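Here is the structure we will look at, set down as structure tokens.
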Amino acid sequence: MQTMLLDSIPPYRAEDLLSGTGENWLKILHQGEILVAIYESKPALVNIQNPFPFDEFVTVLEGQVTLTHINGQAQTYKKGDSFLVPKGFLGTWDMPEIYREMIVVKSEAFYETEG
Numbered sequence: 025m026q027t028m029l030l031d032s033i034p035p036y037r038a039e040d041l042l043s044g045t046g047e048n049w050l051k052i053l054h055q056g057e058i059l060v061a062i063y064e065s066k067p068a069l070v071n072i073q074n075p076f077p078f079d080e081f082v083t084v085l086e087g088q089v090t091l092t093h094i095n096g097q098a099q100t101y102k103k104g105d106s107f108l109v110p111k112g113f114l115g116t117w118d119m120p121e122i123y124r125e126m127i128v129v130k131s132e133a134f135y136e137t138e139g
């Protein structure tokens, strides 16, 4: 999964991108009641200023990410770590290097927000 080719997706919105180019990619591996996908981003600091639209289970495949909640609580996750981003999360995602993750979400929730 670390060398799998992914499909380019639209960059982060300019108003959400605090640093970086916003380039990112996605490859859906399974879609049924749940969706499993691989996501990759070039280094970026992204401001999640609208409540995160769904619960998302994440396993870091490459790089690291620091999630900082609007209350200031920060947690860094590295290759091999798994975590849950709860629906409604507000804060930042800091990906200081090329970052790749596997995500698991409810398909219906994903397609309602991601198209």
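Under our numbering, think of the first position of the sequence shown as 25, with each following residue one higher. All C-beta atoms, glycine included, are put in the ideal place defined by N, C-alpha and C. For clarity, every value in this text was computed on a predicted model and none was experimentally measured.
Where does the unbroken beta strand (DSSP E) through residue i begin, and where does it stop?
i, result
"Y63", "58-65"
"I33", "31-33"
Indicate whether at least one CB of chain D lies closer than 8 Å to the CB of residue i.
i, result
"Q55", "Of the protein chains in this structure there is only one, and it is not chain D."
What is the DSSP secondary structure of residue i, counted as helix, strand or coil?
i, result
"T92", "strand"
"Y101", "strand"
"E47", "coil"
"E138", "helix"
Could you tell me which residues DSSP puts in a beta bridge with residue i?
i, result
"A133", "Bridge partners of A133: none, in fact."
"A38", "Answer by DSSP bridge pairing: none, since A38 is not bridged."
"T116", "N71, T92"
"L125", "Looking at the sequence itself, residue 125 is Glu, so the reference to Leu does not match. For E125, which the question treats as bridged, DSSP gives the partners Y63, V84."
"F107", "V82"
Check: Touch check for the stretch 108-127 and the stretch 80-96: three-plus C-beta pairs under 8 Å?
Finding: Enough Cβ pairs lie closer than 8 Å, so yes.
Note to self: Using a Cβ distance threshold of 8 Å, determine whether the stretch 59-70 contacts the stretch 92-99, with at least three qualifying pairs required.
What the structure shows: Output reads no: the stretch 92-99 does not touch the stretch 59-70.
Checklist line | Stretch pair the stretch 75-82 + the stretch 106-117: three plus CB contacts closer than 8 Å | finding: Touching, yes, given that three or more Cβ pairs across the two stretches are closer than 8 Å.
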